[in-house]
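Enquirer:
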Amino acid sequence: MPDRCGQSPRTPDIPPTGPRPAHGPAPCPDPAPPSTHPRPPPERSGPAWPSPPAARNSPPFRIRSVNGKHRLDLHDDRLIAFFRERHICTLTTVRPDGTPHTVPVGATLDAGTVRVITSSTSAKARHIAHAGDAGLPVAVTQVDGRRWATVEGRAVIKADAASISDAERRYTTRYQPPRPNPNRVVIEITATRALGNLPT
Numbered sequence: 001m002p003d004r005c006g007q008s009p010r011t012p013d014i015p016p017t018g019p020r021p022a023h024g025p026a027p028c029p030d031p032a033p034p035s036t037h038p039r040p041p042p043e044r045s046g047p048a049w050p051s052p053p054a055a056r057n058s059p060p061f062r063i064r065s066v067n068g069k070h071r072l073d074l075h076d077d078r079l080i081a082f083f084r085e086r087h088i089c090t091l092t093t094v095r096p097d098g099t100p101h102t103v104p105v106g107a108t109l110d111a112g113t114v115r116v117i118t119s120s121t122s123a124k125a126r127h128i129a130h131a132g133d134a135g136l137p138v139a140v141t142q143v144d145g146r147r148w149a150t151v152e153g154r155a156v157i158k159a160d161a162a163s164i165s166d167a168e169r170r171y172t173t174r175y176q177p178p179r180p181n182p183n184r185v186v187i188e189i190t191a192t193r194a195l196g197n198l199p200t
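The opening position of the sequence shown corresponds to residue 1 in full-length UniProt numbering, with each subsequent residue numbered one higher.
1) Using C-beta distances below 6 Å, list every residue in its chain close to Glu43, excluding the 5 sequence neighbours before and after it, in chain order.
2) Going residue by residue through the region 84 to 109, where are the continuous beta strand (DSSP E) segments of at least 3 residues, counting only ones entirely within it?
3) If you follow the alpha helix (DSSP H) that Thr172 is part of, which residue opens it and which one closes it?
4) Pair every Cβ in the region 153 to 161 with every Cβ in the region 126 to 145, then say whether three or more of these pairs are closer than 8 Å.
5) Can you look up Ala81 in the DSSP assignment and give me helix, strand or coil?
6) By alpha-carbon positions, which one of Pro96, Gly106 and Arg78 ends up nearest to Thr173?
7) Given this structure, state the Cα-to-Cα distance separating Pro199 from Arg147, to the nearest angstrom.
8) DSSP state of Leu195, grouped into three classes?
9) Under the assumption that Ala194 contacts Leu91 (Cβ atoms under 8 Å), give the Cβ distance between them as a whole number of angstroms.
10) Which class does Gly132 belong to by DSSP, given the choice of helix, strand or coil?
11) Residues bridged to Leu72 by DSSP?
12) Assuming Gly196 contacts Thr150 (C-beta within less than 8 Å), just tell me the rounded distance between them.
13) Is it buried or exposed, Ala81, if we count other Cβ atoms within 10 angstroms and call 16 or more buried?
14) Can you have a look at Lys69 and say buried or exposed, based on whether 16 or more other CB atoms are within 10 angstroms of its CB?
15) Please list the terminal residues of the continuous beta strand (DSSP E) segment that includes Thr200.
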């Protein structure tokens, strides 16, 4: 039975240690310091730790250096064929304050020139018009799964009837006939560089 100090009685053949006071009962020993050893994990019926996730069959998606395999020739057959497929693109322009502006567009690529039809009142058209005859640096990007391509260049606004009719014809070939728009203009981009991941 535990004594007044909460300890089990000593066996007769083990004498107590330390001096004994002259009167009264022996003082209670200092409590033992807490253990610094971590407790073992509780037992469980399943595995001790969660199992690692199952390996995926498909290879990981990685973007390699732009200075390596992602440089494309502007007349690469893969690039031209990719831009003949029916995909929506994005066009990135630069606002007058220097911040980027990216919107979805329909675009066509032919002989190193990208064309986008739009309204003259659109933000992208106004950004390019603000740059004047020198044009504005822009980028057109198209993505389809792991395949992607970006064409960079300088853009100007074409508002003459011949340029608009030509751009509408190209747009119809790739997508569908565009809706009537009396304020339509053409964003004409002279391509200077192409990047992408287009497997052969």
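From the three backbone atoms N, C-alpha and C, an ideal C-beta is built for every residue, glycine too.
None of the values given here were measured: they were computed from a predicted structure.
Expert: Taking the definition as stated:
1) Its pLDDT being 49, under 50, Glu43 is placed unreliably in this model, and the coordinates cannot settle the point.
2) The qualifying runs are 89 to 94 and 100 to 105.
3) Counting along the chain, the alpha helix (DSSP H) containing Thr172 begins and ends at Ala161 to Arg174.
4) Verdict: yes, contact present.
5) In the structure shown, the three-state DSSP call for Ala81 is helix.
6) Distance from the Cα of Thr173 is smallest, within the candidate group Pro96, Gly106 and Arg78, for Gly106.
7) Cα to Cα, the separation comes out at about 8 Å.
8) Here Leu195 sits in strand by DSSP.
9) Your pair Ala194 and Leu91 does not check out as a contact, with CB atoms roughly 15 Å apart and the cut at 8 Å.
10) Helix, per DSSP.
11) DSSP output for Leu72 lists Ala194 as bridge partner(s).
12) That belief holds up - the Cβ atoms of Gly196 and Thr150 are roughly 6 Å apart, short of 8 Å.
13) Result: exposed.
14) Per the 10 Å Cβ criterion, exposed.
15) Counting along the chain, no beta strand (DSSP E) covers Thr200, and no H or E run does either.
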